[in-house]
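First residue of the sequence shown: 1, per UniProt numbering; consecutive thereafter.
Here a beta-carbon is modelled for each residue, glycine too, at the ideal position from N, C-alpha and C.
To start, the structure itself, in structure tokens.
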Amino acid sequence: MAIDTATAQQQVLDAADALFYERGVQAVGMDAIRTASGVSLKRLYQLFPSKDVLIEAYLDRREIRWQTMLADHVEAKTDPRDRILAVFDFLYSWSNQRDYRGCAFINAFGELGTVSPRVAEMALQHKEGFRQALIQLGTAAGATDAERLADHLILLSEGAITRSAISGSPDPALRAREAATLILDASLPR
């Protein structure tokens, strides 16, 4: 029995997400996606005409997941300062997941950034979206220079993401939260 388009697309994206994130986008071929998804190669190429299109869909999906997980942590807090620190609580929670491999955008950029302008653009957009979210949080907390504060916080965040992936430990997110607390003490009105 043939599966409907939405179901087939979901199965392919689920398989691509798991395989690309675990192994890297270059190491995984369309045959592996076909096998993992249970969708025929012909149907796979009808849904995603090229691997590049599938990689973009994977990154789009990761962007939505990132925004949702971050918002869940931040919106659970009401105090503006606590909302900023919730970013680091999110990073700790995320990096504590069994399948954590760091940032999918950094990983994809590392593999394809020099040969795929679209992947490079998507990575830049993702990082700039995160920066804008930090600027908004800093502004809401009363920072006199919310852009500079966001730049400091994003460096801590990105370092924690990468260090956690390399070390296999969520502890860098805790250290980044401690450093963020010091930066907030110096940057926000009392």
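Identify the continuous alpha helix (DSSP H) that holds residue i and give its terminal residues.
| i | result |
| --- | --- |
| ARG65 | 51-75 |
| TYR92 | 80-95 |
| ILE33 | 30-37 |
| GLN11 | 5-23 |
| GLN46 | 41-47 |
Between the options, which lies nearest to residue i when the distance is taken from Cα to Cα?
| i | options | result |
| --- | --- | --- |
| GLN97 | MET122, ASP79 and SER164 | SER164 |
| SER169 | LEU153, PRO117, ASP99 and VAL115 | ASP99 |
| GLY138 | VAL87, ILE55 and GLU56 | VAL87 |
| PRO172 | GLN9, SER95 and LEU153 | SER95 |
| LEU188 | SER167, LEU149 and LEU174 | LEU149 |
| LEU184 | LEU153, LEU174 and ILE166 | LEU153 |
| PRO49 | ILE3, MET30, ARG131 and GLU128 | MET30 |
| THR5 | SER40, ASP151, ASP60 and ILE166 | SER40 |
| ARG131 | SER116, ALA76 and ASP151 | ASP151 |
| ALA186 | ILE166, LEU174 and THR144 | THR144 |
Excluding sequence positions up to five away, which residues of its chain have a Cβ less than 7 Å from the Cβ of residue i?
| i | result |
| --- | --- |
| ALA32 | LEU19 |
| ALA120 | PHE109 and GLY113 |
| LEU174 | TYR92 |
Can you tell me the Cα-Cα spacing of residue i and residue j, whole angstroms?
| i | j | result |
| --- | --- | --- |
| LYS51 | ALA146 | 39 Å |
| ARG101 | ILE161 | 9 Å |
| GLU22 | PRO80 | 35 Å |
| LEU26 | GLU158 | The sequence shown places Gln at residue 26, rather than the Leu named in the question. Approximately 23 Å between the Cα atoms of the pair. |
| ARG83 | GLY142 | 12 Å |
| ALA108 | TRP66 | 15 Å |
| GLN11 | TYR92 | 29 Å |
| LEU134 | ALA16 | 30 Å |
| ALA8 | GLY38 | 9 Å |
| LEU54 | TYR45 | 9 Å |
| THR114 | ARG190 | 45 Å |
| CYS103 | GLU111 | 13 Å |
| ALA140 | GLY129 | 17 Å |
| residue 191 | ASP14 | With the chain covering only 1 through 190, there is no way to say anything about residue 191. |
| GLN136 | GLY24 | 32 Å |
| VAL28 | ARG43 | 18 Å |
| SER167 | LEU47 | 37 Å |
| THR35 | GLU75 | 39 Å |
In chain order, what residues of the same chain lie with their CB nearer than 6 Å to the CB of residue i, ignoring the 5 residues before and after it?
| i | result |
| --- | --- |
| LEU156 | ALA176, ALA179 and ALA180 |
| HIS73 | ALA86, ASP89 and PHE90 |
| PHE105 | ALA123 and HIS126 |
What residues in its chain sit with their C-beta under 8 Å from that of residue i, if we drop five residues either side in the sequence?
| i | result |
| --- | --- |
| ARG118 | ASP52 and GLU56 |
| ILE64 | none |
| ARG61 | LEU13 and ASP17 |
### Message
Report the start-end ranges of each alpha helix (DSSP H) in the stretch 134-180 that is 4 residues or longer and not cut off at the edges.
### Response
You should have 146-167.
### Contiguous alpha helix (DSSP H) assignments of at least 4 residues, all confined to the stretch 95-121
Listed in chain order, they are 104-112.
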